[in-house]
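Numbering (the numbering used here), first residue to last: 43 to 313.
Heads up, the beta-carbon is just placed ideally off N, CA and C, and yes, glycines get one too.
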Amino acid sequence: MAKKKTNKVTQVLFAILGGIRAYGWLGVAIIVGVLAISAISSREASHVETVAPIIMPLAEGEALVTEKDLLDRLAAGFTKPMSELSLSDIDIERVEEVLEGQAFVANADAYIDDDLQLNIKVTQRVPLLRVMAENGQDYYLDEDGVRMPLSSSYTARVPVASGNVVLWSDDFMDHDDNQLRQLVELAHYLRQDDFLDALVEQIYVKTNGEFVLAPKVGDQVIHLGRYKKETTQERLRRLKIFYREGLPYEGWRKYKSFDLRFSDQVIARKR
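Below you can see the structure in the form of structure tokens.
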């Protein structure tokens with residue numbers, strides 16, 4: 043009988059110890075939770091100490107947008123300066139959205155680190171073409187056809203489309219026959235070819251819609267004709283062959299124009 047009583051006592055003691063252990067861990071968990079919530083609340087009540095924007099440069103190492111432009115954009119996009127806002131009032135997605143609304147910004151990534159610094163990394167839009175039309179419009183188009191204003195800090199070295207360029211419209215990239223889309227496609231093709239990229243400085247649009255190219259060296263004009271993707275690219279390939287194989291023997295200065303509008307040939311007119 044004594045042995046049975048001892049077993050019962052032992053079982054009760056183990057049960058009590060197990061209960062204490064269980065409630066002890068629960069207490070620890072509660073304390074940890076309270077401390078975590080307190081730390082989070084304390085951080086959320088903190089303010090941004092510094093704002094550190096980084097602007098990824100263009101291929102030439104230049105920037106269309108400055109750090110001041112970004113800070114001014116943030117100041118205009120929020121009710122208070124960033125340093126006066128608590129972390130709980132700063133929506134990182136909102137920060138990125140505000141910055142991406144800047145004309146020269148293609149993408150913005152932001153985060154706040156343990157030192158309460160707001161870090162910003164900005165990727166710029168890449169200018170592809172400048173439009174200087176007779177209708178008075180003067181702006182850049184980027185690689186995606188997005189319109190950008192001129193920059194006060196940098197002039198991009200890109201081909202210029204001048205003459206009778208059609209008015210800009212926000213949906214022009216949706217239409218294959220839109221002249222601005224054709225100019226964007228042509229500028230892409232020129233950029234992808236090292237020879238043509240170094241050759242062409244200007245694309246002049248005539249009243250009949252034909253394109254005329256002006257080279258960077260010399261004062262000749264190159265009649266490209268109306269834009270049709272495959273036809274235009276074939277004409278430009280023919281022009282490259284002519285420059286490389288035909289002109290070195292005669293010299294560029296003897297000619298005033300080259301005409302690519304006729305099939306399988308380049309008509310060179312002397313001065």
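Shown here for V164: same chain residues with a beta carbon closer than 6 Å to its own, the five before and five after excluded, namely I97, V147, A150 in chain order. Of all C-beta pairs linking the region 191-211 to the region 241-254, three or more are shorter than 8 Å, placing the two stretches in contact.
In the structure shown, the three-state DSSP call for A94 is strand.
Between L281 and I309, the gap from beta carbon to beta carbon reaches 8 Å or more. With a minimum length of 3 residues, the unbroken runs of beta strand (DSSP E) contained wholly in the region 243-294 fall at 253-257, 263-267.
Sixteen is the threshold: when 16 or more other Cβ atoms of the shown chains lie within 10 Å of the Cβ of D184, as they do, the residue is buried. In the structure shown, the three-state DSSP call for R199 is coil. For L112, the uninterrupted alpha helix (DSSP H) segment begins and ends at 109-119. D235 and D157 have their C-alpha atoms spaced approximately 47 Å apart. Rounded to the nearest whole angstrom, the CA to CA distance from R295 to G260 is 7 Å. P169 is bridged by DSSP to D184. For V147, the enclosing beta strand (DSSP E) has its first and last residue at 147-154. Taking a C-beta distance under 8 Å as the contact criterion, V200 and L228 do not qualify as a contact pair.
The beta carbon of R189 lies closer than 8 Å to those of Y181, Y182, L183, W210 in the same chain, with the five residues before and after it left out. Residue state for H89 is assigned as strand, using DSSP reduced to three classes.
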